[in-house]
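Asker: Before I ask anything, here is the structure I am working with.
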Amino acid sequence: VKQNGLALRHAADELKSDRTIVVEAVQQNADALQYASNEFKSDWTIVSEALKLHGHAFRYAANELKSDRTIVLEAVKQRPCALNDAAIELKSDRTIVLEAVRHDGSALMYAARDLQADRTIVFEAVKQC
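Numbers 3 to 131, taken from our numbering, label the letters of the sequence shown in order.
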């Protein structure tokens, strides 16, 4: 996994549950998170490591982390369209949505309807399109 984090896919289940191996894999390739045990998809530290490499890894995080404001904010900073994978209540969080649309206006489509009608947020989104 040091050379190819995605090799985690072919590892035995007990190795997909080994913290050292999973950390090494996600540091090499954020997509390796999808092959980690569910325990690590719920692990704030490991998901955060994957997000440092690439925000799209957020899609592999456990649902409880998709409700974690700090993780979601980190994810949308890396990949604004990660807002699509956030918990519904965070799609209504003005700060998170504003952060997403400031980096990519098209993220507006994943925001809650009331924020899609918010003048400031729409203005920021339009500036980025």
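From the three backbone atoms N, C-alpha and C, an ideal C-beta is built for every residue, glycine too.
Enumerated in chain order, which unbroken segments of the alpha helix (DSSP H) with a length of 4 residues or greater are wholly contained in the stretch 45–106?
Answerer: List check, alpha helix (DSSP H) in window: 46–55, 71–80, 96–105.
Asker: Any idea what DSSP makes of Val3, helix, strand or coil?
Answerer: Correct three-state label for Val3: coil.
Asker: Please say whether Ala63 and Pro82 have beta carbons closer to each other than 9 Å?
Answerer: No. Outside cutoff.
Asker: Classify Asp116 as helix, strand or coil using the three-state DSSP reduction.
Answerer: Helix.
Asker: Which residues bound the alpha helix (DSSP H) around Asp15?
Answerer: From DSSP, the alpha helix (DSSP H) with Asp15 extends over 15–18.
Asker: Round the Cβ separation of Val25 and Ile48 to the nearest angstrom and send it over; I've been treating them as touching at under 8 Å.
Answerer: Yes, they are in contact, since the Cβ atoms of Val25 and Ile48 sit about 6 Å apart, within 8 Å.
Asker: With C-beta atoms as the reference, is Glu76 less than 9 Å away from Leu100?
Answerer: No. Outside cutoff.
Asker: For the alpha helix (DSSP H) containing Ala127, list its first residue and its last residue.
Answerer: Start and end: 121–130.
Asker: What does a CB cutoff of less than 8 Å around Ile23 pick up in its chain, not counting 5 residues either side in sequence?
Answerer: Within the same chain, Ile23 has close Cβ partners Val3, Leu10, Ala13, Leu17.
Asker: In angstroms with no decimal places, state the Cα-to-Cα distance between Asp45 and Phe60.
Answerer: Their Cα atoms are separated by approximately 12 Å.
Asker: Is Ile90 buried or exposed, if buried means 16 or more other CB atoms sit within 10 Å of its CB?
Answerer: By the neighbour-count rule (16 or more Cβ atoms within 10 Å), Ile90 is not buried but exposed.
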